[in-house]
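Taking it in order: structure first as C-alpha cells, then the write-up.
There are 2 protein chains.
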Amino acid sequence: MQKPTLRDVAKAAGVHAATASRALNPETRVLVNSETALRVLSAAKSLGYTPNPIARSLKTAKSGTIGVVLPDLTNPLFPPIVRGIDDILGPAGYSCFIVNTDNDAEREQAQIASLRSRQVDGLIVGTAWLRHPLLTELHEQGVKMVLFNRRAERLDVPTVTPDDAAGIALAVRHLAELGHRRILHLAGPPATSTGTARAAAFRDAVRDLGLDDDPALVAVCASWTEEDGARALRTALDSGLRFTAVVAGNDLIALGAYDVFRERDISCPEQISVVGFNGMPFIDKLRPPLTTVTIPHQQIGREAARMLLETLQDDTDRPPRSVLLPVALTVRASTAPPAKA
Amino acid sequence: MQKPTLRDVAKAAGVHAATASRALNPETRVLVNSETALRVLSAAKSLGYTPNPIARSLKTAKSGTIGVVLPDLTNPLFPPIVRGIDDILGPAGYSCFIVNTDNDAEREQAQIASLRSRQVDGLIVGTAWLRHPLLTELHEQGVKMVLFNRRAERLDVPTVTPDDAAGIALAVRHLAELGHRRILHLAGPPATSTGTARAAAFRDAVRDLGLDDDPALVAVCASWTEEDGARALRTALDSGLRFTAVVAGNDLIALGAYDVFRERDISCPEQISVVGFNGMPFIDKLRPPLTTVTIPHQQIGREAARMLLETLQDDTDRPPRSVLLPVALTVRASTAPPAKA
DNA sequence: CTGAAAGCGCTAACAA
DNA sequence: TTGTTAGCGCTTTCAG
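Same order as they appear, the protein sequences are chains A and B.
Position 334 (the first sequence) corresponds to 367 in this note's numbering; numbering is contiguous.
Position 176 (the second sequence) corresponds to 209 in this note's numbering; numbering is contiguous.
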C-alpha cells in the first residue's frame, strides 16, 4: 500500500484536491466550509495521511529547514546551544541541518553552499569573524541569518551573545578581591568579536580596579583551543613575566593552562589562580574545579532561534535587534588568594 | 536575478532539459554524446547552476537526508559519533537531521515521525532498547536503519557497537592485576543491550579470574546518568557491602561515583579505584583522571554511516552484518592497588 | 544519442 | 465556498 496523498484524501472526502489542501492547512482553513473541512480532516486521519513537505517546498520555495553553522560540534560549548535552537525550531515546524566548519574558510563556504542548495530558509551562524566577507555577501544576497556567540563588524543582522564585558569584569573583580594585582589575560584570537571584546573588557576592568596595567599582561592565543592556550601561557612564563592569576578567554584556553601547570609543576590555585569563560559542561569535575564565567547556553540557542523565526516572518526590513545575555561568575576551586611572596 | 534552473542551462547549451539532466548526472552521463555533455557542463558552470534537490527528491522519492536519533546530543559521547557520521555521509551527498529523544518513548515516536514526514532515506539510531516495538515496526515497514552503540533483540538490522565484553574484561583484569578481589559493577539499565552485555561480561571476567563472585557486587543503575550512578553506589555503600574497586557501566556513572566519593570523603584511588567506559572527552582532566575503556567514537559513527549507505544501495535483503569495534583500556590515576586492610 | 511528454505531491491564482 | 488549471524543477519512460 502506498503512502496516501492529498488526492486520496480529497477523493475519500469527496472534494477536490485543492479544497482538501485548504482544509488541511490551518492558515487557509477559514476559506472552507467548516463541515467540509471536518470531512476532509477525518478522511485524512483515517487514511493516516501526512503531507509531503518536499512537494510543498517545491511549490512554496520554502523548505522548513534551517542551517546551523558551527566551528565544531565536538566543542562542548555547542551541544547545549544546539539543543536550545532545536527546542524552539522543532515546535515551530522547522528542522536543522548542522554543519561544522572546523574554522576553515573554504570548508565553511562549501558547507554553506551545500546548505543553500538544500534550500534552507535561514542560517544560525556561530562562526563569525570580525571581518567576514562570506557572511556579508550572503546577507547582501538576502539570506536570512542570525549570529550567535560571536559578532561580525558591519553586518546588520540580529546577534545573540553573552555579555562578554560584564563576564570579564566579574572575573577580574573576583581576582582583585582575592588580592591579585598582576593578572594575565590569555586572550582569544583578535579576529573574533569575543577575542577583542573580552580583551578590551579586561583592560578596562584592570584600570577600573587600579590593578597593574601592564600591556604585557595580555597574551594573545592563536585559536580558542587548549593547545594555543597552553602555547601562549608557556611563552608568557618563559618571558619571565610575573603574575599570580590568569583570566582565560574561554574554558578551553583555561584547560590549556591546566596542561602547562601539570608540565611545570605549578600548583593551581596556590601558585596561580585561573578563571575560565563559558561554563562548559563537566568543568566542575576538573582538577581543580574551574572557576568560570557561566553563560546561558541553551538560552543563547533559544534566543537565536526565536530571532531567526522573527526574521523569517516579517519581511519588513526593520533594524535587527541584538541581544546580550546575562552571565554569572561561578566560583570554584581554581581561584584563591595569591601566595604571600 | 533568479537562481538558474535546469532549463536555463539546457537553453544556454542549446539542448533539451532532459539532455541537460542526463549530462549533469554522472550516472547517466554515458548516455549522452561527450561533446554535448561538455557543453552542458560548461554552461552549468558559467551560469552557476546548482541542482535543486527538492525537485529531484519529489521525482525520485529520495531526499538525500538521513535521520540521526540520539538520546541527547548534550551527552559528550555523541558529538564525536555525529562527526563521524557526517564525515561519511556528507561526501556521499547526504545531510543529517539530528533528533533527541531524551529517553522518552513518546518523544522518540514523535521525533521519528517528524523525520519520516521529511522523507529521510534512512535512520541511524543510538537509542535502541532491548525490546523496542517502535523500531521493530519501522523495520517491518521497510524503513532502512542502522543501530549504533546499543542493539535490540530480534531486530535484524546492521549494528555497530564497541566490543563491550572485551572492554569489561580489560577493566576487570586491570583491577585484578592491581590486586583487587572484590569489585563492584555499577551496571547500566538492563533494558539496554549495553547494560546487560557489560554486566554479563563482568560476571564472566570475575569468574575467569577467580575473583569474589558475589551477586551483590552487581548494582543496577536506573539510567546511564551521574545521578543514578551515584544513587546506586550510595545504596551499595549503605548496605555495608565491601569492595575496593568499581567498574562503572559508563563514564557518566563513574562521574556519579566521583560525586559520592566527594560527599563521603572517600579518596580515589586510595580507598576505592574506579574504571569507566567510553572514553568521553575531557575525562583525562578530571580529579582524578579517569581510567576508562576507550571506544573509537568517530569510527563508530563512520562505520554506522557506511553500513547505512550500503543498506540504501542494494535492495537485496542480504542478512545484515554487525560490527564490533575494538576498544582499549586507558589507564589513568583513578585506579591503584587496594589499601592493605 | 536526443527530444517530447508526463508527472512526482502540493499550492495558488483564477473562475465559477 | 469550491473546482479548474497550471506549474514549482527535476527525472524518466518512450519515441524518434
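From the three backbone atoms N, C-alpha and C, an ideal C-beta is built for every residue, glycine too.
For residue j and residue i, believed in contact at Cβ under 8 Å, the rounded distance
| i | j | result |
| --- | --- | --- |
| G117 (chain B) | Q304 (chain B) | Incorrect: roughly 38 Å between the Cβ atoms, too far for contact. |
| L91 (chain A) | A88 (chain B) | 6 Å |
| G212 (chain A) | P370 (chain A) | 5 Å |
| W257 (chain A) | L285 (chain A) | 6 Å |
| E163 (chain A) | A185 (chain A) | Note that residue 163 (chain A) corresponds to Leu in the displayed sequence, not to Glu. Contact flag correct, Cβ pair sits at about 6 Å. |
| S378 (chain A) | P321 (chain A) | Within the shown structure, residues of chain A are numbered from 34 to 374, placing residue 378 (chain A) beyond reach of any answer. |
| V193 (chain B) | E336 (chain B) | 5 Å |
| I328 (chain A) | P195 (chain A) | 4 Å |
| R62 (chain B) | A70 (chain B) | 6 Å |
Interface residues of chain B facing residue i [CB-CB closer than 8 Å]
| i | result |
| --- | --- |
| A88 (chain A) | L91 |
| Q152 (chain A) | N85, P86 and I87 |
Neighbouring residues, chain A, relative to residue i (Cβ below 7 Å)
| i | result |
| --- | --- |
| S96 (chain B) | I87 |
| I131 (chain B) | I131 |
| S256 (chain B) | What S256 (chain B) touches in chain A: nothing, since even the nearest Cβ is about 17 Å away. |
Residue i versus the options, residue with shortest Cα-Cα distance
| i | options | result |
| --- | --- | --- |
| R297 (chain B) | B:L319, B:I316 and B:R267 | B:R267 |
| H330 (chain A) | A:L167, A:A56, A:G243 and A:D119 | A:D119 |
| A77 (chain A) | A:G126, A:L274, A:R40 and A:P104 | A:R40 |
| L217 (chain B) | B:T277, B:V102 and B:A70 | B:T277 |
| E260 (chain A) | A:A202, A:V176 and A:A281 | A:A281 |
| L110 (chain A) | A:S67, A:L345 and A:G334 | A:G334 |
| R215 (chain A) | A:I201, A:P223, A:D246 and A:A143 | A:D246 |
| P353 (chain B) | B:V190, B:S79, B:A372 and B:E139 | B:V190 |
| R151 (chain B) | B:A337, B:G100 and B:P223 | B:G100 |
| G228 (chain A) | A:G200, A:R206 and A:D241 | A:G200 |
| V132 (chain B) | A:D137, A:L122, A:T93 and A:N136 | A:L122 |
| A143 (chain A) | B:A143, B:P124, B:I145 and B:D137 | B:P124 |
| S79 (chain B) | B:L106, B:A94 and B:T38 | B:T38 |
| R365 (chain B) | B:Q346, B:A56 and B:T324 | B:T324 |
| L357 (chain A) | A:D347, A:M340 and A:K373 | A:M340 |
| K318 (chain B) | A:L250, A:Y291 and A:G126 | A:Y291 |
| T363 (chain A) | A:S355, A:V205, A:R295 and A:A232 | A:V205 |
| L148 (chain B) | B:E139, B:G309, B:V158 and B:F130 | B:F130 |
Sequence-distant residues of the same chain with beta carbon closer than 8 Å to residue i, five excluded per side
| i | result |
| --- | --- |
| V293 (chain B) | A263, L266, R267, L270 and I299 |
| T83 (chain B) | K36 |
| E141 (chain A) | V102, T134, T160 and L167 |
| A252 (chain A) | L217, H218, L219, A220, A265, L266, T268 and A269 |
| P222 (chain A) | G228, V253, C254, A255, S256 and W257 |
| A372 (chain B) | T277, E303 and Q304 |
Alpha-carbon spacing of residue i relative to residue j, whole angstroms
| i | j | result |
| --- | --- | --- |
| E60 (chain A) | S54 (chain A) | 10 Å |
| K44 (chain B) | L64 (chain A) | 41 Å |
| E170 (chain A) | S128 (chain A) | 25 Å |
| P359 (chain B) | P112 (chain A) | 27 Å |
| C301 (chain A) | N182 (chain B) | 38 Å |
| P248 (chain B) | A220 (chain B) | 12 Å |
| V326 (chain B) | L208 (chain B) | 13 Å |
| G47 (chain A) | R72 (chain A) | 9 Å |
| L180 (chain A) | L203 (chain B) | 46 Å |
| R187 (chain A) | E173 (chain A) | 12 Å |
| G97 (chain A) | N136 (chain B) | 26 Å |
| K177 (chain A) | V115 (chain A) | 18 Å |
| L106 (chain A) | N108 (chain B) | 12 Å |
Own chain partners of residue i with C-beta closer than 7 Å, once the 5 adjacent residues on each side are dropped
| i | result |
| --- | --- |
| A198 (chain B) | A230 and A234 |
| T225 (chain B) | W162, L163 and R183 |
| V42 (chain A) | A53, V73, A76, A77, L80 and Y82 |
| K95 (chain B) | D154 |
Neighbouring residues, chain B, relative to residue i (Cβ below 7 Å)
| i | result |
| --- | --- |
| P222 (chain A) | In chain order: nothing, as chain B lies at least about 22 Å away. |
| L106 (chain A) | P112, V115 and R116 |
| P352 (chain A) | Here the premise fails: no neighbours, minimum Cβ distance about 27 Å. |
| I333 (chain A) | Residues of chain B passing the Cβ test: none, with the nearest at roughly 14 Å. |
Proximal chain A residues relative to residue i, where beta-carbon distance stays under 8 Å
| i | result |
| --- | --- |
| L288 (chain B) | F315 and K318 |
| Y291 (chain B) | K318 |
Beta-carbon proximity list for residue i, same chain, < 6 Å, skipping 5 on both sides
| i | result |
| --- | --- |
| R289 (chain A) | According to the sequence provided, residue 289 (chain A) is Gly. The question's Arg does not apply to it. Contacts found: E259, G262 and A263. |
| A338 (chain A) | I118, I121 and L122 |
| T344 (chain B) | K177 |
Chain-ordered neighbours of residue i on chain A, where CB pairs are closer than 9 Å
| i | result |
| --- | --- |
| F310 (chain B) | Result: empty, since nearest Cβ-Cβ is about 16 Å, beyond 9 Å. |
| S226 (chain B) | Under the 9 Å cutoff, chain A gives no residues; its nearest Cβ is about 24 Å from S226 (chain B). |
Listed by chain order, chain B residues near residue i by CB distance under 9 Å
| i | result |
| --- | --- |
| N58 (chain A) | Result: empty, since nearest Cβ-Cβ is about 15 Å, beyond 9 Å. |
| P321 (chain A) | R320 |
Residue i beta carbon near the ligand SAH (any heavy atom closer than 7 Å)
| i | result |
| --- | --- |
| V179 (chain A) | For the ligand SAH, the structure offers nothing, since it holds no ligand at all. |
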